[in-house]
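A.B. asks:
Protein chains: 2
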Amino acid sequence: MGAGTAISALTEGAELRTWSLIVTIFGDLARAPRAEIPGPVLSAITARIGVKPEAMRVALHRLRKDNWLTSRRDGRVSHYLLTDVGRAESEKATGRIYATRPSAPETWHLLIAGPMDPAERLERDAAMAASGHLALAPGVWLGPGPTHRPAPSLFTIEGVPGQVPGWLKAEIMPPALAEAYAAFGATMATAANALGTDSATSALDRAALRVLVVHGWRRLVLRHPDLPDGFFPDGWAGPETRTQVTELLARLGKPTVAEIATSLAEA
Amino acid sequence: MGAGTAISALTEGAELRTWSLIVTIFGDLARAPRAEIPGPVLSAITARIGVKPEAMRVALHRLRKDNWLTSRRDGRVSHYLLTDVGRAESEKATGRIYATRPSAPETWHLLIAGPMDPAERLERDAAMAASGHLALAPGVWLGPGPTHRPAPSLFTIEGVPGQVPGWLKAEIMPPALAEAYAAFGATMATAANALGTDSATSALDRAALRVLVVHGWRRLVLRHPDLPDGFFPDGWAGPETRTQVTELLARLGKPTVAEIATSLAEA
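Those sequence lines, one after another, are chains B and C.
Residues in the first sequence are numbered from 67 upward in steps of one, following the numbering used here.
Residues in the second sequence are numbered from 67 upward in steps of one, following the numbering used here.
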């Protein structure tokens, strides 16, 4: 059972919150408008990963309450789908998660605020982070692309970064996060090895593996800004891990919900 | 006496330190290598401005002790000239003082230091200011032209400034300095009026007037970084004052030391 070993490698020690796993599942398998996942398919995927039915019920309740998911009944079967809000949020993260290359903007903009009181600064820092800016110093932010309607109180400059010093690289990629990348890379290698050249993996197993790979990767890339490799410490495992993720996802292919349902019926 | 009225307008209320005036005189009239000013010519210019002989002696002593000026005796007459150090310092300021247009670099560089202790920051701020950089925020400096051998600990970006906010304009040109510009502009207008169309001004008077104009202007432009007009507050008198200075200097012409000596003999 190559797939079983690979699934164990990817779940072992991983912090898997059920609601967050479900977010990954919909983002990976049912992001398109009107795409649905029948309850039994959803339960089969999470069960394969080791999630208990009770945990599933709680997570689905929470995601409906948070207006991320909705559902419709068709006879005795519930069908789940993303709300417009959930789909928009998924789309926002998609570019980062599935990118096969690091970001490489041709131009950048830098914004500098004047003296601020601490409350103002916290508020601005949060807004800047949300719009993809990197804080370089108190009140100084770097963002990809040209300046976009800056507040009149900001100094702006557009151009190309030259030198990225070590202290900044360490702020962008703190040791704990760098270690998490290396650990995930090692896990990916184990999983890829376990799968070997096994081409008989079922659609359900492939879906479960995809979800675990995307989930682990998502939890890494969304914890730091989207930047070219030159902004990260030398020897950082990011680029290699990205290649592993891209290759494993390509190898697993993307089973459709119908294919997964069929593989359930056959099992 | 148009020249006399003009000289009074330019000396009235002006803070004229004798040693600083002498620095202006050599910078304006004897900056070339080996250019000399005979003691009697130097004394005649400063006397025309109202400097007492005793103040002259003290100032010349100080400037020799500081290795700014040197002298040689020729019979009973001392001839003064800039040392290599004094000439180098004069040359450094020349571009700023005599520029007929504001600076307009095609590209700029911005440098960002990581966290620093206060002593380190003071030292860096001083070094950055000395190399023509403008502090935009703590540990953030803007300089004209491309990055030039930056310390490895600095983040660098090269590009073109867009928006210059009001808080930065007010830091670059604080109200007191802006008022000093406006006051000097008014003085320049009075002096230009007093001179009228008088073309009979002696070489000595023209030298004294040049020195006063250059001196007043030098004390303004060297008090802030060299920046395009867009970095200064709206309505700032700088551009107009620069035009007044350029026009008055052109109108006075530049008497040679020999011409001044001749005009003394004729007086």
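From the three backbone atoms N, C-alpha and C, an ideal C-beta is built for every residue, glycine too.
As the structure is a prediction and not an experimental result, all values here were calculated from the model.
1. Using the beta-carbon count (16 or more within 10 Å), is serine 197 of chain B buried or exposed?
2. If the cut-off is 7 Å on Cβ atoms, which residues from the segment 206 to 229 of chain B count as contacting chain C, listed in chain order?
3. Which same chain residues end up closer than 8 Å to leucine 293 of chain C when comparing Cβ atoms and leaving out the 5 residues on each side of it in sequence?
4. Between B/Thr263, B/Leu330, B/Arg97, which lies nearest to alanine 69 of chain B when the distance is taken from Cα to Cα?
5. Where arginine 317 of chain C and alanine 154 of chain C are concerned, what is the direct C-alpha to C-alpha distance, given to the nearest angstrom?
6. Give me the Cα-Cα distance between alanine 274 of chain B and arginine 138 of chain B, rounded to the nearest whole angstrom.
7. Which residues of the segment 230 to 245 of chain B have a Cβ closer than 7 Å to any Cβ of chain C? Give them in chain order.
8. Judging by CA-CA distance, which residue of B/Gly251, B/Ala269, B/Asp295 is the nearest neighbour of tryptophan 283 of chain B?
9. Find out if the Cβ-Cβ distance for the pair alanine 257 of chain B, leucine 76 of chain B is shorter than 7 Å.
10. Quick one: give me the first and last residue of the alpha helix (DSSP H) that tryptophan 233 of chain B is part of.
11. What does the Cβ neighbour count give for leucine 288 of chain C, buried or exposed, with the cut at 16 atoms within 10 Å?
12. Between the C-alpha atoms of alanine 195 of chain C and arginine 97 of chain C, what's the straight-line distance to the nearest angstrom?
13. The beta strand (DSSP E) with alanine 203 of chain B in it runs from where to where?
14. Going by the DSSP bridge assignment, what does aspartate 295 of chain B pair with across the sheet?
15. Can you check the segment 126 to 177 of chain B for any alpha helix (DSSP H) of at least 4 residues that lies completely inside it and give the ranges in chain order?
16. For aspartate 183 of chain B, does the count of other Cβ atoms within 10 angstroms reach 16, so buried, or fall short, so exposed?
17. To the nearest whole angstrom, what separates the beta carbons of glycine 105 of chain C and tyrosine 146 of chain C, a pair I think is in contact under 8 Å?
18. Contact between the segment 298 to 313 of chain B and the segment 208 to 225 of chain B is defined here as three or more beta-carbon pairs at a separation below 8 Å; is this criterion met?
19. Looking at chain C, is there any beta carbon in it that lies within less than 7 Å of the beta carbon of leucine 188 of chain B?
20. At the 7 Å Cβ level, is leucine 202 of chain B part of the contact set with chain C, yes or no?
21. At a CB-CB cut-off below 9 Å, which residues of chain B make contact with tryptophan 174 of chain C?
22. Just to confirm my understanding: we take leucine 330 of chain C, look at its own chain, exclude 5 residues before and 5 after, and list those with CB closer than 8 Å. What are they?
23. Give the DSSP-derived three-state secondary structure of glycine 209 of chain C in the structure shown.
24. Relative to chain C, which residues along the segment 283 to 304 of chain B have a C-beta separation below 7 Å, given in chain order?
25. Of the choices C/Gly205, C/Pro171, C/Val230, whose alpha-carbon is the least far from that of glutamate 186 of chain C?
26. Would the beta-carbon of threonine 84 of chain B fall within 7 Å of that of valine 117 of chain B?
27. Can you list, in chain order, the residues of its chain whose CB lies under 6 Å from that of proline 291 of chain C, leaving out five sequence neighbours each side?
28. Check the Cβ-Cβ distances between isoleucine 178 of chain B and every residue of chain C, and say whether any is below 7 Å.
29. Determine whether the Cβ of leucine 286 of chain B lies closer than 7 Å to any Cβ atom of chain E.
30. Excluding the 5 residues preceding and the 5 following leucine 261 of chain B in the sequence, name in chain order all residues of the same chain whose CB lies nearer than 6 Å to its CB.
31. Is it true that the CB of isoleucine 178 of chain C sits closer than 7 Å to the CB of glycine 225 of chain B?
32. Between glycine 211 of chain C and threonine 149 of chain C, how many whole angstroms is the CB-CB distance? I'm expecting something under 8 Å.
33. Based on Cα-Cα distance, which residue from B/Gly79, B/Asp140, B/Glu157 lies nearest to threonine 90 of chain B?
C.D. replies: So, from the listed chains and residues:
1. exposed
2. Val206, Thr213, Pro216, Pro218, Ser219, Leu220, Phe221, Thr222, Ile223, Glu224, Gly225, Val226, Pro227, Gly228, Gln229
3. Pro168, Ser169, Leu200, Ile238
4. B/Thr263
5. 28 Å
6. 24 Å
7. Val230, Pro231, Trp233, Leu234
8. B/Gly251
9. yes
10. 232 to 238
11. exposed
12. 25 Å
13. 200 to 203
14. Aspartate 295 of chain B pairs with nothing; no bridge assigned.
15. 150 to 164
16. exposed
17. 7 Å
18. no
19. no
20. yes
21. Ile223, Gly225
22. Pro106, Val107, Ala110, Leu270
23. strand
24. none
25. C/Gly205
26. yes
27. Leu200
28. yes
29. In summary, chain E is missing from the structure at hand, where the protein chains are B and C.
30. Gly68, Ala72
31. no
32. Not a contact, Cβ separation roughly 29 Å.
33. B/Glu157
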